[in-house]
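Residues in the sequence shown are numbered consecutively from 1166, following the working numbering.
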Amino acid sequence: MSEIDIRNLHVSVDGKEILKGVNLVVKQGEVHALMGPNGTGKSTLAYTLMGHPFYEVTEGEVWFKNQNILELEPDERSHLGLFLAFQYPVAIPGVTVANFLRTAINAKRRYSAPEDKGITIPEFRRTLKEKMDLLKMDHSFAGRYLNEGFSGGEKKRAEVLQLAALNPEIAVMDETDSGLDIDALRIVSEGVNTLRGPSLGVLVITHYQRILNYIKPDFVHIMLDGRIVETGGADLALHLEEHGYDWLREKTDTVLA
Ligand code: ADP
Ligand code: MG
C-alpha cells in the first residue's frame, strides 16, 4: 500500500516563506480535499510536489515509496507512480493527445523496466478506448493536438485522461483559481469519482467550498497562511460553507499567540 507522506514542509518563493511546516499523509484508496482561501499556499504545495524549480524547499521531506521525492526530477516522480496535474507540456503542434499519452506510458514502463519494448499499438488503442469510454469522452479527442486551442475545461479533460491512462498510485490535482474553476472542479470531480478505488489515492486542491456538490472526500484539510490548521471528514467542508474561515482564523491565532 503506497502513501505520500509530507513532513514539515517549508517552501519559499523569492525569499518569502509561503509554506510554514505542512504535514499531510495521503494513502492509496483515500480521497483528500485541501481547501483554503486564495493566497494561502495551496498551489505552492502542488508546484513543490511537482518539482517546479521556482519553489525553494527550505525544510522538510516528502516520502513516497521509500524515497524522499524532493531529491528526484519531476519525470522520476511521475514514473514512480505520483501523478501531478498540470504536468502536461505547453501546446505542441503535431503532438496529439494519443501520441503524448503513449509516450508517457512508455516512459513510465521503461523507468521500471529499461528493457521494455513499449506498449504495442493495438494494446495502446485498446487501453485508450477503454479509458475514454470510462470517462465518457468522445474518441475524436485523442486525435487533437495536445492543448492547442484547448479550453480550460478541455485541458482538465486531457489531464483526467492522462490520469486514467497512467494509472498512478497517488494523484494531486490542483484547481486554478480562475473564473472557470467551478467547471474545472466538476470535470476533475467526475473523473475522480469514476477512477477512485482502492489503488488510487487523490489530493484535490480547491478553494471552492461547494466541493461536496461534486465529490465526497474521505478527509478535508484546511490551509491557512501556509499551514494545515484543521482536518476533518466531509462534514468539515459543509461547516466551512456555512461559517467561512473566520472561526478557524480566530482559533489559529489563539494557538499561535
Ligand atoms: P493558493 O493556491 O492557496 O491561492 P498560492 O500558493 O498560489 O496560493 O500562493 C501563495 C502565496 O505565494 C501568495 O502570496 C502568492 O503571491 C505567492 N506566490 C505563489 N507563487 C508565486 C509565484 N510564482 N510568484 C510570486 N509569488 C508567488
Ligand atoms: Mg491556487
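A virtual CB, placed ideally from N, CA and C, is assigned to each residue, including glycine. Predicted model, so just to flag it, every value in this text is computed and none were measured.
Alpha-carbon to alpha-carbon, residue j and residue i
i, j, result
"I1352", "N1173", "32 Å"
"I1376", "V1385", "10 Å"
"A1272", "H1404", "43 Å"
"L1300", "N1332", "14 Å"
"L1199", "K1192", "14 Å"
"R1242", "D1400", "32 Å"
"K1294", "M1388", "38 Å"
"E1182", "V1227", "18 Å"
"N1203", "E1280", "46 Å"
"L1350", "E1236", "31 Å"
"P1363", "E1355", "17 Å"
"K1185", "H1175", "5 Å"
"I1393", "N1188", "7 Å"
"D1128", "A1250", "Residue 1128 is absent from the model: the chain starts at 1166 and stops at 1422."
"F1219", "I1234", "16 Å"
"T1419", "W1412", "11 Å"
Best match in the options for proximity to residue i [C-alpha to C-alpha]
i, options, result
"L1328", "L1368, I1376 and N1231", "L1368"
"R1414", "G1391, T1268, D1400 and A1399", "G1391"
"E1224", "E1406, G1356 and S1177", "S1177"
"V1262", "I1234, T1359, F1306 and E1221", "F1306"
"H1197", "P1382, G1216 and N1358", "P1382"
"Q1374", "L1360, G1366, H1408 and L1365", "H1408"
"M1297", "I1257, D1348 and L1266", "L1266"
8 Å Cβ cutoff met for residue i and residue j
i, j, result
"T1292", "A1330", "yes"
"F1229", "S1277", "no"
"G1206", "P1239", "no"
"L1360", "E1334", "no"
"I1169", "L1247", "yes"
Quick check on the contact list: which residues have their beta carbon closer than 5 Å to a heavy atom of the ligand COA? Although the ligand COA was asked about, the structure shown includes only the ligand ADP and the ligand MG as ligands.
Taking three-plus beta-carbon pairs below 8 Å as touching, is the stretch 1312-1323 in contact with the stretch 1275-1294? no
Beta strand (DSSP E) runs contained entirely in the stretch 1234-1275, provided each spans 3 or more residues: 1247-1249
What are the complete alpha helix (DSSP H) segments, minimum 4 residues, inside the stretch 1168-1223? Fully enclosed alpha helix (DSSP H) runs of 4 or longer: 1207-1215.
Which runs of the beta strand (DSSP E), 3 residues or longer, sit entirely within the stretch 1308-1370? Within the stretch 1308-1370, the complete beta strand (DSSP E) segments of 3 residues or longer fall at 1335-1339 and 1366-1370, listed in chain order.
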